[in-house]
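Let me begin by presenting the structure, written as structure tokens, before commenting on it.
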Amino acid sequence: ETGVTQSPTHLIKTRGQQVTLRCSSQSGHNTVSWYQQALGQGPQFIFQYYREEENGRGNFPPRFSGLQFPNYSSELNVNALELDDSALYLCASSFSSGGGETQYFGPGTRLLVL
Amino acid sequence: QKEVEQDPGPLSVPEGAIVSLNCTYSNSAFQYFMWYRQYSRKGPELLMYTYSSGNKEDGRFTAQVDKSSKYISLFIRDSQPSDSATYLCAMSASNQAGTALIFGKGTTLSVSS
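So the protein sequences, as listed, match chains A and B.
All residue numbers for the first sequence refer to my numbering, where the first residue is 19 and numbers rise by one.
All residue numbers for the second sequence refer to my numbering, where the first residue is 78 and numbers rise by one.
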């Protein structure tokens, strides 16, 4: 059984650019959640994808968007990057069946915006 | 007031000590409580998952939930240098799809040999 994987591991962008982060969910999981973790803080929920649709969103602006593919992998897209977007972006996968959902995290993508 | 409060530490203990990590919360709707361990520059790893009030034990780890006090704890017995990490508490009001986990800031633990 493979765990959650994310790519790339590190990324450096400049303010105003766009970035795409990728996540492959754990085998057997059908739901992907994305979190932003700033230095010294706990992860903050961005949104969740289930059956290829956004299914819950945190307090993040529309320039944060995502996709989920038929194989349950997912992308996080961030447009018009700002300096405050510098953080560790975490993907978590889970199996949603109406109960008992437990989220398992990937290693994260560290984004630096200059 | 933040929904979940967690003392960031750092907490330094000698090997073999009993460690107590705690979180308080304000949202009485929270029913599902988790503890994650995060090593430096890695993703969080699920340690304990508890529903509602009570205790749960797994090896050297014990999780306690007191919903009446809105207080959760993680105890680590016989702590080891490999336990040195940041411990994050997380909670949610529902286990249904679309529910976000709300995290504390994390407590940094250092166990010296």
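Even glycine gets a Cβ: it sits at the ideal position worked out from N, Cα and C.
Helix, strand or coil for residue i per DSSP?
{"i": "Pro91/B", "result": "strand"}
{"i": "Leu130/A", "result": "strand"}
{"i": "Leu143/B", "result": "First, the residue type needs correcting, since residue 143/B is Asp and not Leu in the sequence shown. Looking at Asp143/B - three-state DSSP - the assignment turns out to be strand."}
{"i": "Pro155/B", "result": "Going by the sequence as given, residue 155/B is Asp instead of Pro. Coil at Asp155/B, not helix or strand."}
{"i": "Leu57/A", "result": "coil"}
{"i": "Gly118/A", "result": "With a pLDDT of 48 at Gly118/A, under the threshold of 50, the predicted position of this residue should be treated as unreliable, and no value is reported."}
{"i": "Asp135/B", "result": "strand"}
{"i": "Leu101/A", "result": "helix"}
Taking the C-alpha atoms as reference points, what is the distance between residue i and residue j?
{"i": "Ala140/B", "j": "Ser117/B", "result": "23 angstroms"}
{"i": "Gly117/A", "j": "Pro121/B", "result": "Note that Gly117/A scores a pLDDT of 48, beneath 50, so its modelled location is shaky and nothing firm can be said."}
{"i": "Pro88/A", "j": "Asn73/A", "result": "15 angstroms"}
{"i": "Arg154/B", "j": "Arg137/B", "result": "5 angstroms"}
{"i": "Ser187/B", "j": "Gln157/B", "result": "9 angstroms"}
{"i": "Arg114/B", "j": "Ala106/B", "result": "24 angstroms"}
{"i": "Tyr102/B", "j": "Lys182/B", "result": "12 angstroms"}
{"i": "Tyr67/A", "j": "Tyr109/B", "result": "20 angstroms"}
{"i": "Ser91/A", "j": "Val50/A", "result": "8 angstroms"}
{"i": "Ile30/A", "j": "Asn132/B", "result": "44 angstroms"}
{"i": "Tyr122/A", "j": "Ser190/B", "result": "30 angstroms"}
{"i": "Thr32/A", "j": "Leu129/A", "result": "10 angstroms"}
{"i": "Glu100/A", "j": "Val131/A", "result": "7 angstroms"}
Tell me, which residues are paired with residue i by DSSP?
{"i": "Glu72/A", "result": "Tyr67/A"}
{"i": "Ser112/A", "result": "Thr49/A"}
Going by DSSP, what residue range makes up the beta strand (DSSP E) through residue i?
{"i": "Arg118/B", "result": "No beta strand (DSSP E) holds Arg118/B; DSSP gives it neither H nor E."}
{"i": "Arg40/A", "result": "37–42"}
{"i": "Val96/A", "result": "92–96"}
{"i": "Gln83/B", "result": "81–83"}
Determine contact between the region 28–37 of chain A and the region 45–62 of chain A, defined as no fewer than three beta-carbon pairs at a distance below 8 angstroms.
-> Counting Cβ pairs under 8 angstroms, fewer than three are found: no touch.
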